[in-house]
């Protein structure tokens, strides 16, 4: 069956797609087995007929993010005072963690972070990529300690191999909190992430994570 014929079949079956998803499912299941097979085959053929050139290609910026794919060992240092604020004079706490990053196609990296902080298990999940429409690196972070997500927008400096993100989240008091985060790439097997809390408009170092690619 050619693409044109497949399209004709889809046009013929167009009424099946009217209504909510549950109705669509019911409509498809109501078809005779042979016709259901034709519908499935037609959709596949139409998609196969779409030129690859019509799909977006990965940009150089996407390849930078892809350097993070893999399994990593992490050493986490935090400088926080008794009030829960970033404080460079506070005694740093040190913990170990793991991160596993996987690619979603050519454009996105999904991260799973796990460790233990203050005797409590911690899990975090991030999605990062590059948005061509904004010409910015973008990301979202959620974790098991906070009920609100943190969003990130950033830019990359090729000379210093440094990614700089501006972050926005919700603090413990329920108000918006601005921050800054940098990632310095030190070859293919190491990188250092540093996060800063904004205090009176100035970035104060709060956390540093040194990542080393895990041995296979």
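Residue numbers (the working numbering): 955 to 1170.
Every residue gets a Cβ at the ideal spot worked out from N, C-alpha and C, and that includes glycine.
Please read all numbers here as calculations on a predicted model, not as lab measurements.
#1: Can you say whether residue 1082 is buried or exposed, counting buried as having 16 or more other CB atoms within 10 angstroms of its CB?
#2: Please classify residue 1013: is it buried, with 16 or more other beta-carbons within 10 angstroms of its beta-carbon, or exposed?
#3: Under 8 Å: do the segment 1054-1062 and the segment 1114-1121 share three or more Cβ pairs, one atom per stretch?
#4: Can you give me the C-alpha to C-alpha distance between residue 1027 and residue 1130, rounded to a whole angstrom?
#5: Just to confirm, is the Cβ distance from residue 1135 to residue 1152 under 8 Å?
#6: If we ignore side chains and look at the alpha-carbon of each, how far apart do residue 1042 and residue 1035 end up?
#7: Which residues mark the beginning and the end of the beta strand (DSSP E) in which residue 1050 is found?
#8: Since I believe residue 1033 is in contact with residue 1046 (beta carbons under 8 Å), could you give me their beta-carbon distance rounded to a whole number of angstroms?
#9: From residue 1169 to residue 1074, what does the alpha carbon distance come to, in whole angstroms?
#10: From the DSSP secondary-structure annotation, give me the bridge partner or partners of residue 1062.
#11: Nearest to residue 1060 by CA position, among 1166, 1104, 1020, 1113, is which residue?
#12: Take the Cβ of residue 1111 as the centre, count every other Cβ of all protein chains shown within 10 Å, and call the residue buried at 16 or more, exposed below.
#13: So for residue 1090, helix, strand or coil by DSSP?
#14: Hey, would you say residue 1105 sits closer than 8 Å to residue 1090, going by beta carbons?
#15: Nearest CA to the CA of residue 1162: which residue from 1079, 1072, 1138, 1025?
#16: Using a Cβ-Cβ cutoff of less than 8 Å, which residues in the same chain neighbour residue 1044 once the five nearest sequence positions on both sides are dropped?
#17: For residue 1033, list the residues DSSP reports as bridge partners.
#18: Going by beta carbon distance, what residues of the same chain come within less than 8 Å of residue 1017, once the five residues before and after it are set aside?
#19: Going by DSSP in three states, residue 1209 sits in which element: helix, strand or coil?
#20: On a CA-only basis, which of 1142, 1100, 1115, 1072 is nearest residue 944? Give me that one, please.
#21: Since I believe residue 1084 is in contact with residue 1015 (beta carbons under 8 Å), could you give me their beta-carbon distance rounded to a whole number of angstroms?
#22: Could you give the residue range of the beta strand (DSSP E) that holds residue 1157?
Well, looking at it:
#1: As a position in the chain shown, residue 1082 is number 128, starting the count at 1. When all chains shown are included, residue 1082 counts as buried.
#2: Numbered from its first residue, the chain shown carries residue 1013 at position 59. Under this definition residue 1013 is an exposed residue.
#3: Because the criterion of three Cβ pairs below 8 Å is not met, the segment 1054-1062 and the segment 1114-1121 do not touch.
#4: Mapped onto the chain shown, residue 1027 falls at position 73. Mapped onto the chain shown, residue 1130 falls at position 176. Near 31 Å, if we compare the C-alpha coordinates of residue 1130 and residue 1027.
#5: Numbered from 1 along the chain shown, position 181 holds the residue referred to as residue 1135. Numbered from 1 along the chain shown, position 198 holds the residue referred to as residue 1152. In this structure, residue 1152 does not lie closer than 8 Å to residue 1135 by Cβ.
#6: On the chain shown, position 88 is the one that residue 1042 refers to. On the chain shown, position 81 is the one that residue 1035 refers to. Roughly 9 Å between the two C-alpha positions.
#7: Counted from its first residue, the chain shown places residue 1050 at position 96. From DSSP, the beta strand (DSSP E) with residue 1050 extends over 1047-1058.
#8: Reading the chain shown from its first residue, position 92 is the one you call residue 1046. Reading the chain shown from its first residue, position 79 is the one you call residue 1033. Right, the Cβ-Cβ distance comes to about 5 Å (below 8 Å), so this counts as a contact.
#9: Residue 1169 sits at position 215 when you count from the first residue of the chain shown. Residue 1074 sits at position 120 when you count from the first residue of the chain shown. Whole-angstrom Cα-Cα distance: 26 Å.
#10: Position 108 of the chain shown holds residue 1062. 1058, 1083, per the DSSP bridge assignment.
#11: As a working mapping, residue 1060 is identified with position 106 in the chain shown. Nearest of 1166, 1104, 1020, 1113 to residue 1060, Cα basis: 1020.
#12: Here residue 1111 is taken as the residue at index 157 of the chain shown, counted from 1. Label assigned to residue 1111: exposed.
#13: For the purposes of this step, residue 1090 is taken as residue 136 along the chain shown, with counting starting at 1. Residue 1090 sits in a strand when the DSSP states are folded into three classes.
#14: By 1-based counting over the chain shown, the position of residue 1105 is 151. By 1-based counting over the chain shown, the position of residue 1090 is 136. Cβ distance not < 8 Å, so residue 1105 and residue 1090 don't count as in contact.
#15: In the chain shown, the residue the question calls residue 1162 occupies position 208. The residue with the shortest Cα to Cα distance from residue 1162 is 1138.
#16: On the chain shown, residue 1044 is found 90 positions in, with the first residue counted as 1. Around residue 1044, the same chain offers 1033, 1034, 1035 as residues with beta carbons nearer than 8 Å, after the five sequence neighbours per side are excluded.
#17: Your numbering for residue 1033 matches position 79 in the chain shown. Note: residue 1033 sits in no beta bridge, so no partner.
#18: Position 63 of the chain shown, counting from 1, holds the residue named residue 1017. Contacts found: none.
#19: With the chain covering 955 to 1170 only, the question about residue 1209 has no answer from this structure.
#20: With the chain represented from 955 up to 1170, any question about residue 944 goes unanswered, as that position is not in the structure.
#21: Position 61 of the chain shown holds residue 1015. Position 130 of the chain shown holds residue 1084. Indeed, because the Cβ distance is near 4 Å, the residues count as touching under 8 Å.
#22: Reading the chain shown from its first residue, position 203 is the one you call residue 1157. Here the beta strand (DSSP E) through residue 1157 covers 1156-1167.
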